[in-house]
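Numbering of the sequence shown is given in this note's numbering, commencing with residue 1342 and proceeding in unit increments.
Note that beta-carbon positions come from the ideal geometry of N, C-alpha and C, so glycine has one too.
Bear in mind the structure is a predicted one, so any value in this text is a computation, not a measurement.
Below is one structure, written out as structure tokens; comments come after it.
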Amino acid sequence: MIIKPTAVSLFTGCGGSDAGVIKAGFNVLMANDIIPYAKDTYVANHPETHYILGSVADIEAFPKSDLLVGCYPCQGFSQGGLRKADSTINYLYLEFARALNAIKPKAFIVENVSGMVRSNYKHLLDHQLKIFSDAGYDVKYKVLNAAHYGVAQERKRIFIVGIRSDFGLTYQFPEITHGPDLDAYVTIKDAIGDLPLWPEGEFYDYDFHWYYMSRDRRRDWSEPSKTIVSNPRHMPLHPVSPIMTKLGDDKWAFTTEDKARRFSYREAARLQGFSKDFIFPETLNSSLSMKYKVVGNAVPPPLFEAVAKALPAIWD
Ligand SMILES: C[S@@+](CC[C@H](N)C(=O)[O-])C[C@H]1O[C@@H](n2cnc3c(N)ncnc32)[C@H](O)[C@@H]1O
């Protein structure tokens, strides 16, 4: 029997990061989040993992594991978020550091929004790098674009990876696989071309308010999608929608009267790189906006898989 290396997952959501970790060959022992529907979805897809619902701050003990992964929330850093550099939510990385110090895994992977490298948040990034290296890790970080790793979506995110210092190894981020002179980008058509054009009940079918119309929300079938977000109001347009044209500063319009629509939550999952058989269970906690939320929050599984697979073989 092959014994797999083990992982503990924090800020797990519905498990985009974990789907990548599992594909990279890990056994996820424990997962955690505060969103009930994130747990429902995760458990429907990965029943073997022990998923704790509730704040990470209330978890007193963590199982020992080879790898620790966590994508703490990003409200303060994201372009669409609150931009409060010191909001308390930005300090959840201290909970990740608490788990890191308790478990002392061989390696860890963190993902967060790329806004963290901006100058007004740099002090928070620097503090994370410091506490992770003080915990005994050789730490590297880099902003990666999911489209460069076979995901049908432009999505730039920062990854922070650490290898425990006693290994004396430095992490190398995975080489880009998709782009000019490499494999062709995976397109919207590749990802969702087999799905129905008008999946009734699966897409957010409300008006396009002024803010939505302040930029071009559409990409063609032959391109990767714009970034999938967790708020359905801001979800990019499906290519069945009319082309948009610029009218002026922050003002766009549809070029025809044909009906436009946003991507459905199921299409969003495909564009994030979730597998075709990913389950969205119907539970007491499920709703259209919850399905969008857990999918939009997720890390694209193929991107997380690439980052995890680039770790050196330190698991025996
Ligand atoms: C960026 S999302 C993580 C996405 C996830 N890694 C994935 O790939 O699907 C951040 C998550 O942190 C969770 N979260 C926020 N505060 C938390 C807390 N105090 N304890 C545990 N989870 C929390 C949010 O509910 C959200 O699901």
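Status (buried if at least 16 other CB within 10 Å, exposed otherwise) for residue i
i	result
Pro1446	buried
Ser1358	buried
Lys1646	Reading the sequence as shown, one finds Glu at residue 1646 and not Lys. Label assigned to Glu1646: buried.
His1391	exposed
Glu1543	buried
His1550	exposed
Ser1396	exposed
Ala1487	buried
Thr1382	buried
Ser1605	buried
Ile1444	buried
Asn1442	exposed
Lys1634	buried
Ile1343	exposed
Lys1587	exposed
Pro1653	exposed
His1489	buried
Arg1559	buried
Asp1374	buried
Gln1469	buried
Pro1573	buried
Ala1525	exposed
Arg1556	exposed
Lys1632	buried
Gln1513	exposed
Leu1435	exposed
His1464	exposed
Cβ-heavy atom distance, residue i to ligand 1, below 7 Å
i	result
Gly1354	yes
Asn1626	no
Ala1438	no
Ser1455	no
Pro1573	no
Leu1538	no
Val1397	yes
Ile1376	yes
Ala1379	yes
Val1484	no
Gly1637	no
Asn1373	yes
Gly1357	yes
Pro1414	yes
Leu1466	no
Val1492	no
Leu1409	no
Leu1433	yes
Val1640	yes
Span of the beta strand (DSSP E) around residue i
i	result
Phe1449	1448–1454
Ala1385	Here Ala1385 belongs to no beta strand (DSSP E); instead the alpha helix (DSSP H) covers 1377–1386.
Tyr1606	Run containing Tyr1606: none in the beta strand (DSSP E); it sits in the alpha helix (DSSP H), 1606–1613.
Val1349	1347–1351
Tyr1392	1391–1394
Leu1433	Run containing Leu1433: none; DSSP gives neither H nor E here.
Lys1481	1478–1486
Val1410	1408–1411
Asp1374	1368–1374
Residue range of the alpha helix (DSSP H) that includes residue i
i	result
Asp1467	1463–1475
Gly1361	1357–1364
Arg1498	Careful: Arg1498 lies outside any alpha helix (DSSP H), inside the beta strand (DSSP E) at 1497–1505.
Met1631	1629–1638
Val1492	Premise fails: Val1492 is in no alpha helix (DSSP H) and is neither H nor E.
Leu1644	1642–1650
Heavy atom of ligand 2 within 7 Å of residue i beta-carbon
i	result
Val1349	Among the ligands modelled here, namely ligand 1, ligand 2 does not occur.
**Request:** Kindly provide the ranges of any alpha helix (DSSP H) runs that are 4 or more residues long and lie completely inside the stretch 1503–1591, ordered along the chain.
**Result:** Fully enclosed alpha helix (DSSP H) runs of 4 or longer: 1529–1533.
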